[in-house]
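Engineer: I am attaching a structure below and will ask some questions about it afterwards.
Residue numbers (the numbering used here): 2 to 234.
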């Protein structure tokens, strides 16, 4: 197909005058495609309805989650107490919150759990399970907050249940928080390579966090024995 002829400039035309136009393009012919023009699939009626439904669902889930989060951290509200079971089902275990939105109460003590096992009738040395947990997550680029809180929550649940007069039998083995704590301790001891033996003794070591500006004034740690439990062979 022959290219359209371009008229040469008029040598007699004064400087600055527009060049003579070439032959006009036929009507209806499209110019070259714009490389920056947007491209995509046009939204038909079905796609448009699906997009609207997806946006509505995401907005609804975000609203429900925000409401559940507010009720979870503001547990003193009457509405939060009424729907405590539903809120707890929604928030755990994926969205735990260990702070209060209105009155944050950070811990004033460093609490460590220590354990020692009895092998052949003799208790071995005390092992710091909390320090072992800290060493596992220190330097980790993507630490799991759930795994970090397993030991701390097990101790807190045990201490809360032990304060109740109906917490279980004398040996505590029928109490669910106690059994859960023992299970966590057994897993930690196994990971540390410690012999399990036939019994385990637990105690907590709490150290007061010094005030800012006086890091050397650290009092002696306080120990509290939790108990001795037999381990199944």
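Backbone N, C-alpha and C fix where the C-beta goes; we use that ideal spot for every residue, glycine too.
Spatial neighbours of residue 159 within its chain, please: C-beta separation below 6 Å, excluding the five flanking residues on both sides.
Structural biologist: Result list for residue 159: 178, 179 and 182, in chain order.
Engineer: Is residue 91 helix, strand or coil when you go by DSSP?
Structural biologist: Three-state DSSP puts residue 91 in a helix.
Engineer: Are there 16 or more other CB atoms within 10 angstroms of the CB of residue 65, so buried, or fewer, so exposed?
Structural biologist: With fewer than 16 Cβ atoms within 10 Å of its Cβ, residue 65 is classed as exposed.
Engineer: Closest to residue 131 by CA distance: which of 153, 225, 223 and 191 is it?
Structural biologist: Comparing Cα-Cα distances from residue 131 to each of 153, 225, 223 and 191, the minimum goes to 153.
Engineer: Assuming residue 88 and residue 73 form a contact by the criterion Cβ under 8 Å, report the distance between their Cβ atoms to the nearest whole angstrom.
Structural biologist: Residue 88 to residue 73, Cβ: 5 Å. Contact.
Engineer: Give the range of the beta strand (DSSP E) segment to which residue 112 is assigned.
Structural biologist: Start and end: 110 to 120.
Engineer: Helix, strand or coil for residue 128 per DSSP?
Structural biologist: In the structure shown, residue 128 sits in a strand (DSSP, three-state: E or B).
Engineer: Assuming the contact rule is C-beta atoms closer than 8 Å, residue 190 and residue 205 should be a hit. Round their C-beta distance to whole Å, please.
Structural biologist: Not a contact, Cβ separation roughly 16 Å.
Engineer: So residue 187 packs on residue 197, CB below 8 Å; how close in whole Å?
Structural biologist: That belief holds up - the Cβ atoms of residue 187 and residue 197 are roughly 7 Å apart, short of 8 Å.
Engineer: Smallest Cα separation from residue 233: which of 90, 118 and 127?
Structural biologist: Of the listed residues, the one whose Cα sits closest to residue 233 is 118.
Engineer: If I measure Cβ to Cβ from residue 167 and keep anything under 6 Å in the same chain, skipping five residues before and after, which residues do I get?
Structural biologist: Confidence is the limiting factor: at residue 167 the pLDDT is only 49, short of 50, which leaves the residue's position unreliable, though a coordinate-based value still follows. Cβ within range, chain order: n/a, list empty.
Engineer: Relative to the alpha-carbon of residue 69, which residue among 56, 52, 96 and 127 has its alpha-carbon at the smallest distance?
Structural biologist: Cα-wise, what sits closest to residue 69 is 96.
Engineer: State the beta-bridge partners of residue 224 as determined by DSSP.
Structural biologist: Per DSSP, 206.
Engineer: Measure the C-alpha to C-alpha separation of residue 45 and residue 150 and round it to an integer number of angstroms.
Structural biologist: Approximately 49 Å, taken between the alpha carbons.
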